[in-house]
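Which chain is which? The protein sequence lines are A, B and C, in order. Under our numbering, the letters of the first sequence match residues 1 to 295, in that order. Under our numbering, the letters of the second sequence match residues 1001 to 1264, in that order. Under our numbering, the letters of the third sequence match residues 2001 to 2313, in that order.
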Amino acid sequence: MPVTATYLLQLTLNGLMLGLLYALIAVGLALIFGVLEIINFAHGEFLMLGAFAMAFALPPFGLAYWPALAAAVVAAALAGFILYEAFLAKLAQGEFERSILITIGISMILLYGMQYLFTATPRMVDTAFGFAGIHIGAIRITWTRIIGGGIAAAAFAVLYALLTLTQFGRAMRAVAQNREAALMVGIRPHAVARNAVVLATALCGLAGAALAPIQLVQPGMGQAVIFKAFALVIIGGLGNMAGAFVAALALGMIESWIGGFFDVIWQEAAVFTLMIIVVLIRPDGLFQRGGMRVG
Amino acid sequence: MSALLTVTNLAKAYRGVHAVEDASFCVERGSITGLIGPNGSGKSTTIDCISGFQRLDRGRVMLEGADITGLTPQKIARAGLVRTFQTVRVYDEFDLVANLMIAVEPFRSVGWHDALLRTGRYRAARKAAETHARELIELVGLTRLAAAPAAILSYGQKKLLALAAALMSRPRLVVLDEPVAGVNPTRINEVATILRKAKAAGTSFLIIEHNVEFITGLCDHVIVFDQGRKLTEGPPAEVHNDPRVLDAYLGIEEPAPHAVAEAS
Amino acid sequence: MRELPLAAALLGLALLPPAFGSNYLTGVALSGVTFTVAAAALNLVFGYAGLLSFAQLGFWGIGGYCSALTVTRLGGSFWDGLVVAVVVNALAAAAIGLPTLRTKLHAFVIVTLTFALLCGLVARDWVSLTRGPLGIPGLPTPRFFGFAFDSPGRFYYLVLAYAVLALGFLYALGSSRIGDTMRAIKQNEPLAQSQGVSPLPYKLAAFILSAVLTGLAGAIYVFYLKVVDPLFLDFYYMQTFLIVVIIGGAGSFWGVVWAGVVMVGLPELLRFSNDLRMVIYGVILVVAMLAMPRGAAGWFADRKITALRASLR
């Protein structure tokens, strides 16, 4: 491969978009962990639900991108609402293993359920944009990719604003940092937890919906990324959303660059090995534990 | 008089808060020593550091000449210092006898292969241990419930079980973390009697408690902590009347005479 | 032991399937027995030692590939393959376990999970060793001094023999003082430490033993399938083992054994499609977690405790 500036740029842009995708998933996971102290094994399936929702919403809207996207995000958020109210709300604080097992069960229901209903055949999703794109030098990027990346970036800007400027968001950060203190100040943990789950699943659904026109949609698509997202959350510092964000972007870049220079075949294994090493050396993550309460 | 436990210049800080600043004290062999002080004075942290459940920042802990500073909790337990916990800990799924049988001490010369194959050596150790366990359960008055899972015990009963479990290891020093907090007042005297019996059998005690009456009636010696340091120590009566102690608890400059009288 | 009659009855039941003369039925029973052993091994590390280890899937796969490679690449016999599976898994478990068992719960789950995924990736991507997605087909029939396990019925008895040995060992270990200490560590590690117990050796022992037993089960099973490929490391197997442990009750030997018998036999008899069966497993898992988190055995134990409490007041 000729290592030209264009090639490096392509790798970087690729890495950025991949990183933003990972970030949408990982930040949501970190948020859920920060507020509820559980790891949501079904998180990847919300990505898949968002993608399928997009696939089904596009035809009724005449393949118009934006309305379908909105519908998909709403669907994912609704699913998150049900996830919380029907299942997660029943768990007490700190029931870590039980939460893993429940969310594994939900993941199985969603994944195999979708597979049963719609088969495992990957499907292509078409939007009004089709395959149109723009050229940057020798690189060609489709609109769907550019918009996908833009949406992700915009989502993070909105998320940041929500978390720092609104009561809705500040309450979440408060609970994540110090649950007892938040309770004493009158923050209702049930409402905050529900909001956190809905927000996280919406982000994930958004990622899925944005991905739908870019890659093939199939029931197992969530599984491919979710395990990396788990490790990202740990590395970023459990419950630390900023840490997860940085780790996700870094992973996207690293993956893109490794894939660009070495055989793709070892890329995933190398990344996972790296993750294991980091988690073992610094189990509390590379950043601090997002201000989580001690112990 | 020989010191069983010697703590020198112990210090421990959490995120900048100096829970224990510079604590030094001794526990004499064959005594029941009380450790009192207002909330936040560093008693629990000191106990955690001594027993190995927290890392200490500075200081030295000697158990009858052996340096146990910074050892793991299990090593310290095997060296002869056993502790109980403020939030009482028992094995809910095991019956009372099984709770005590987890103790390593009675089986210290029994290997894993002995346990797996149930050899004669293992069975002999087990028999002796079971006899001892039942004696201790009898001592704390829980024989009636010996075959029941510990989950059914009341809070106070669990504290008694924890005490019996601590004694199972035949420790030289037992550190009790609030042994009668939350216990039915009518049972508190029972606990004191049990402790005196154990003391007569050769075990020494260091007891953290807030119950002044309990401490005064039971202890030979009392150490008072305040703001992470030892404030004073001495016989219970002396400590009781020390104005500095009252100040530490109540935060008043000079106690009025009638306030001191009411506190006794 | 007082469960001897029950164990004898179960063994008697287990001897039956080939007698029905249906290769399909024998195959179902064979899978059931294999998965029960794997679940019982998971029970040791999760139910007794309290470690939710997803690494089991990795060891299962390593076992399968080790025995297959020993026979096809190194020209060894089936039995050589089993020995290799044991050794490799023991070493791998020790290597993974030592650093990982010191970490906190969250990190432990993630690392063991990542390890299992890594094993799957190696199976898929290290083509020169494992032939990648093509897998290693054509595994020959195991022989023992001329006796060939060439029918499902005969292979079933081979698997059953292993199951009796493995389950017997797990029972002996679980009911011994070692097993009690593991359960003590799971229930209340600081309390165990205050009684002089060092937690790490017990956790490591549980981790390594269950790795070896699971790996052996996998090593034998691939010779029934006659092929091993990356799908052998699919999360599906882990989910199955986990379901059996959860339903039976983590920490209960007999609970898990009975759950294995019921759980694998039932869906086959009901002839659901694979996807639907997994959906039902998922539903069972969720319902169990909400209503009966300690499984069938735990539910019975809780009722006993409630009754006991009532009678004492």
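All C-beta atoms in this analysis are idealised placements derived from N, C-alpha and C, irrespective of residue type, glycine included. What you are looking at is a predicted structure, and each value in this text was computed from that prediction instead of being measured.
query, result
"C:Leu2101 beta carbon less than 8 Å from that of C:Pro2200", "Here residue 2200 of chain C is Leu; the residue named in the question, Pro, does not match the sequence. The answer is yes: Cβ separation under 8 Å."
"Short CB-CB distance (under 8 Å) between A:Ile258 and chain C", "no"
"Interface flag, A:Phe262 vs chain E, CB-CB below 8 Å", "This model lacks chain E altogether, as its protein chains are A, B and C."
"C-alpha distance - A:Ala30 paired with A:Ile134, whole-angstrom precision", "35 Å"
"C:Val2037 (DSSP reduced to helix, strand or coil)", "helix"
"CA nearest to the CA of A:Gly130, picked from A:Asn178, A:Ile151, A:Leu111 and A:Gly62", "A:Gly62"
"Spatial neighbours of B:Ile1076 in its chain, beta-carbon cut-off 7 Å, leaving aside the 5 residues before and after", "Ser1051, Gly1052 and Ile1068"
"CB contact check: B:Ser1169 to chain C, cutoff 8 Å", "yes"
"Burial state of B:Gln1074, where buried means 16 or more other Cβ atoms lie within 10 Å", "buried"
"Whether C:Leu2205 touches C:Thr2112 by CB criterion (8 Å)", "Strictly speaking, residue 2205 of chain C in this sequence is Ala, with Leu absent from that position. Cβ atoms of C:Ala2205 and C:Thr2112: not closer than 8 Å."
"Other residues of its chain near C:Gly2097: CB distance less than 7 Å, five sequence neighbours each side excluded", "Leu2204, Phe2207 and Ile2208"
"Cβ pair count under 8 Å reaching 3, the segment 1194–1208 of chain B against the segment 1032–1049 of chain B", "yes"
"Beta carbon proximity, B:Leu1116 to chain C, threshold 8 Å", "yes"
"B:His1113 - containing beta strand (DSSP E), residue span", "No beta strand (DSSP E) contains B:His1113, which is instead part of the alpha helix (DSSP H) from Trp1112 to Leu1117."
"Opening and closing residue of the alpha helix (DSSP H) in which C:Thr2112 lies", "Leu2105 to Asp2125"
"Cβ-based burial, A:Pro67 [other Cβ within 10 Å; buried from 16]", "exposed"
"Residue of B:Arg1058, B:Glu1233 and B:Leu1081 minimising C-alpha distance to B:Ala1066", "B:Leu1081"
"Where B:Leu1176 falls: helix, strand or coil (DSSP)", "strand"
"DSSP bridge partner residues for B:Glu1233 (one or two, in chain order)", "B:Ile1223"
"Chain-ordered chain C contacts of B:Asp1092 [CB-CB under 7 Å]", "Gln2187"
"Which of helix, strand or coil DSSP assigns to B:Phe1205", "strand"
"C:Thr2306 - DSSP class collapsed to helix/strand/coil", "helix"
"8 Å contact criterion, which B:Leu1280 and B:Leu1004 should meet: CB distance rounded", "The shown model of chain B, from 1001 to 1264, leaves out residue 1280 of chain B, and the question about it has no answer."
"C-alpha distance - A:Asn40 paired with C:Leu2052, whole-angstrom precision", "15 Å"
"Alpha-carbon spacing of B:Glu1233 relative to B:Val1239, whole angstroms", "6 Å"
"C:Ser2210 (DSSP reduced to helix, strand or coil)", "helix"
"Buried versus exposed, by CB contacts within 10 Å (16 or more), C:Leu2016", "exposed"
"Selection from A:Ile38, A:Thr4, A:Leu238 and A:Leu49 that minimises the alpha carbon distance to A:Thr201", "A:Leu49"
"Every unbroken beta strand (DSSP E) inside the segment 1015–1042 of chain B [3 residues or more]", "1017–1028 and 1032–1036"
"beta-carbon A:Phe56 near the ligand NAD non-hydrogen atom, thresh 7 Å", "No copy of the ligand NAD appears in this structure; indeed no ligand is present at all."
"Beta bridge counterpart(s) of B:Arg1058 as assigned by DSSP", "B:Ala1011"
"Residues that DSSP places opposite C:Phe1984 in a beta bridge", "Nothing in the structure corresponds to residue 1984 of chain C, since chain C is present only between 2001 and 2313."
"Test: A:Gly290 CB closer than 8 Å to a CB of chain C", "With a pLDDT of only 45 at A:Gly290, under 50, the local geometry of the prediction cannot be trusted, and the value read off the model is given with reservation. Answer no: the Cβ-Cβ gap between A:Gly290 and chain C never drops below 8 Å."
"C:Val2228 (DSSP reduced to helix, strand or coil)", "strand"
"Range of the contiguous alpha helix (DSSP H) that encloses A:His190", "Pro189 to Leu211"
"Runs of beta strand (DSSP E) wholly within the segment 132–171 of chain A (minimum 3 residues, chain order)", "133–136 and 139–142"
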